[in-house]
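Student:
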Amino acid sequence: MRINKIACIGAGYVGGPTMSVIAQKNPHIQVTVVDLNVDRINAWNDENLEKLPVYEPGLDAVVGEARGRNLFFSTDVDQAISDADMIFISVNTPTKTYGKGKGQAADLKFIELCARQIADVATSSKVIVEKSTIPVRTAATIKSILDHTGKGLQFQVLSNPEFLAEGTAIQDLHHPDRILIGGEDQSAIKALKSIYEAWVPSERIITTNLWSSELSKLVANAFLAQRVSSINSISELCEATGANVEEVANAIGQDTRIGSKFLKASVGFGGSCFQKDLLNLVYIARSYNLNEVADYWDQVIKINDHQKTRFAEKIIQSMYNTVNGKKIAFLGWAFKKNTNDTRESAAIYVADHLLEERAQINVFDPKVQEHQIYKDLKELNTRSASENSELLTVMDDPYKACQAAHGIAILTEWDEFNDYDWKRIKDNMKKPAFVFDGRKLLDRKKLEDLGFVYYAIGE
Ligand code: NAD
Ligand code: UGA
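Quick note: the sequence shown uses our numbering, first residue 69, plus one each step.
#1: For R325, write down the residues that DSSP places opposite it in a beta bridge.
#2: Considering only the alpha carbon of each residue, which of T217, S270, K170 lies closest to L347?
#3: Compute the beta-carbon to beta-carbon distance between G506 and S334, rounded to the nearest angstrom, for a pair I have assumed lies under 8 Å.
#4: Rounded to a whole number of angstroms, what is the C-alpha to C-alpha distance between Q92 and V131?
#5: Expressed to the nearest angstrom, what Euclidean distance is found between the alpha-carbon atoms of G83 and K514?
#6: How far does the alpha helix (DSSP H) with E455 in it reach, from first residue to last?
#7: I'd like to confirm something about C341: is its beta-carbon nearer than 6 Å to some heavy atom of the ligand NAD, or not?
#8: Can you give, in chain order, each stretch of the beta strand (DSSP E) that sits fully within the stretch 198–234 and has at least 3 residues?
#9: Which residue comes first and which comes last in the beta strand (DSSP E) that contains Q98?
#10: From the DSSP secondary-structure annotation, give me the bridge partner or partners of A75.
#11: Taking the straight line between their C-alpha atoms, what separation do you get for S227 and L510?
#12: May I ask which residues mark the beginning and end of the beta strand (DSSP E) holding T276?
#13: Run the proximity test for C182: is its beta-carbon closer than 6 Å to any non-hydrogen atom belonging to the ligand NAD?
#14: Over what stretch of residues does the beta strand (DSSP E) that includes K332 continue unbroken?
#15: Of all the beta strand (DSSP E) runs that stay within the bounds of the stretch 130–176, which reach a length of 3 or more residues?
#16: Ignoring anything shorter than 3 residues or poking outside the stretch 370–407, list the beta strand (DSSP E) runs there in chain order.
#17: State the CB to CB distance for the pair S280 and G250, rounded to an integer number of angstroms; the pair is presumed to be in contact (CB under 8 Å).
#18: Look at the alpha carbon of N113 and the alpha carbon of D144, and state the distance between them as a whole number of angstroms.
#19: Give the secondary structure of Y123 by DSSP, where H, G and I count as helix, E and B as strand, and everything else as coil.
#20: Are D420 and L448 close, meaning C-beta to C-beta below 7 Å?
#21: At the level of alpha carbons, what is the spacing between P269 and L241?
#22: Grouping DSSP H, G and I as helix and E and B as strand, with all else coil, what is V521?
#23: Taking contact to mean at least 3 C-beta pairs separated by less than 8 Å, is the stretch 94–103 in contact with the stretch 371–382?
#24: How would you label Q23, buried or exposed, when you count the other beta carbons within 10 angstroms and need 16 or more for buried?
#25: Report whether the distance from the Cβ of N496 to the nearest heavy atom of the ligand NAD is below 6 Å.
#26: V521 and F502: beta carbons closer than 7 Å?
#27: With H, G and I counted as helix, E and B as strand and the rest as coil, what does DSSP make of L358?
#28: Give the straight-line distance between the Cα atoms of V159 and A134, rounded to the nearest whole angstrom.
#29: On the three-state DSSP scale, how would you describe V268?
#30: A317 and I299 - do their beta-carbons sit closer together than 7 Å?
#31: Look at the alpha carbon of T276 and the alpha carbon of L283, and state the distance between them as a whole number of angstroms.
#32: What do you reckon, are the CB atoms on T163 and K344 nearer than 7 Å?
#33: When you compare the CB positions of L248 and A290, do they come within less than 7 Å of one another, or not?
#34: With distances taken between CB atoms, is the gap from V189 to S150 smaller than 7 Å?
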């Protein structure tokens with residue numbers, strides 16, 4: 069089986085960067101990324117590479133190299149499906165907001181729509197690759213839809229989950245720890261494998277059955293999220309006992325069986341996937357009546373919610389138990405540094421909690437746009453849009469955001485926050501000048517020497 073043309077449905081945080089790298093490394097294959105969202109496709113096609121819809125270090129160079137050569141972005145989904153030998157499905161699979169499984173199960177309507185559209189449009193046999201994160205056994209649904217076209221076409225379905233993390237997507241795609249391919253048909257597996265072999269050593273490409281591959285993706289995220297919740301739970305114990313969470317993380321991380329990565333205490337994990345995928349794992353376990361398994365993983369989410377609430381409460385309590393009318397500057401809104409993605413960012417929930425207490429919040433984030441911040445708050449439905457914009461202001465200058473503030477909260481670990489003139493910031497604040505460091509980013513000694521009252525998670 070030879071793959072000459074690839075289509076990818078979904079030009080988001082996964083489809084865009086992943087296909088850009090596949091095209092970069094396989095110049096002989098034509099890669100077309102399609103999406104229903106016209107603005108998104110226009111942004112992917114923008115001459116100015118700074119306007120790509122996804123901010124990701126190094127992405128502009130990869131797109132610059134391949135776009136127009138063998139990488140194309142388009143809204144013509146039917147044409148791309150019809151032309152392709154292999155179709156990646158990279159659409160969103162959010163938590164259901166209605167009906168059975170509301171608030172837990174993954175909403176597979178976008179996946180099913182893709183399968184139906186492929187079934188309608190295809191006139192030749194194709195390999196379908198699940199790139200989106202989906203519940204175990206979704207391939208059976210896709211296959212069932214594709215097997216009923218009545219056109220006598222052959223569709224092979226493979227699972228190829230993506231493990232990139234936002235903010236390091238290009239690095240992760242260029243040097244993956246592993247590529248996982250699940251499937252039954254050996255020639256389809258071989259064809260997909262050969263695409264990755266253009267730059268990934270063969271021994272890093274793992275093949276499994278379909279169900280192990282689908283489930284492994286949810287489990288990888290669950291284990292990663294569990295590490296963050298584990299260290300975050302210990303951060304509270306450190307604050308109560310005089311231990312220091314960074315010292316504890318360092319001491320346990322030196323044990324090679326535990327390892328040092330993903331032990332950074334924080335205001336709570338965010339992002340579009342950890343919570344969604346954990347909820348989904350819990351839902352799947354419950355649907356098999358495995359209630360103890362479900363409860364075990366549910367607790368990882370509960371600790372995460374607790375960590376965000378605890379941080380907001382710490383701010384209120386430190387500021388003499390009221391923040392009503394007080395100005396609090398938020399540095400950072402994205403769910404982590406080096407991304408413009410704000411989905412499930414801890415900042416949204418901390419802000420919401422403080423706004424309920426009538427705080428005045430000024431937000432500065434180097435990459436997140438104003439309309440996105442108001443949109444995130446609106447989606448919570450806690451108060452009206454006009455109340456949100458009365459209480460919260462988005463600033464394009466960090467010094468202005470901190471001007472006359474009673475306190476500053478660090479919500480995202482952007483490197484540039486460390487380089488600010490903290491003396492200038494302190495001089496222009498109300499006293500006592502509080503800093504609440506939700507990312508353990510700043511230097512305690514430096515800030516205390518300048519006269520700040522400094523609180524960091526887990527110290
Ligand atoms: P996203 O929301 O950024 O992108 C999905 C895109 O699919 C959207 O632009 C949407 O318009 C498009 N789309 C939906 N239905 C469509 C259809 N029928 N036809 C054409 N386009 C359609 O989502 P994302 O962050 O890229 O995530 C996609 C999947 O990858 C999810 O399952 C997610 O869990 C998984 N994943 C995400 C990450 C990450 O870091 N964001 C990492 C690994 C896996
Ligand atoms: C995560 C996984 O790391 C990826 O492997 C996976 O592909 C992806 O989810 C997905 O399925 O979407 P991502 O959410 O982009 O990637 O970012 P992470 O680096 O995992 O960070 C998630 C959250 O955990 C962030 O809010 C981050 O600040 C927080 N975190 C991470 C901590 O608080 N402490 C840590 O030590 C690590």
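Glycine residues also receive a C-beta, built at the ideal position from the N, C-alpha and C atoms.
Tutor: So, from the data block:
#1: According to DSSP, which records beta bridges pairwise, R325 is partnered with nothing at all.
#2: Comparing alpha-carbon positions, the option among T217, S270, K170 lying closest to L347 turns out to be K170.
#3: About 6 Å; that satisfies the 8 Å criterion.
#4: 8 Å
#5: 42 Å
#6: Residue range 453–459 is occupied by the alpha helix (DSSP H) that includes E455.
#7: yes
#8: 223–227
#9: 98–102
#10: T100, I155
#11: 42 Å
#12: 273–276
#13: yes
#14: Under the DSSP assignment, K332 falls outside any beta strand (DSSP E); it carries neither an H nor an E label.
#15: 139–142, 154–157
#16: 395–399
#17: 6 Å
#18: 14 Å
#19: Three-state DSSP puts Y123 in coil, outside helix and strand.
#20: Against a cut-off of 7 Å, the Cβ pair of L448 and D420 comes out as a contact.
#21: 13 Å
#22: strand
#23: no
#24: Given that the chain is displayed from residue 69 to residue 527, the structure contains no residue 23 and the question cannot be resolved.
#25: no
#26: A contact, by the Cβ cut-off of 7 Å.
#27: coil
#28: Straight-line Cα distance between these residues: approximately 22 Å.
#29: coil
#30: yes
#31: 11 Å
#32: yes
#33: No, they are not a contact pair.
#34: yes
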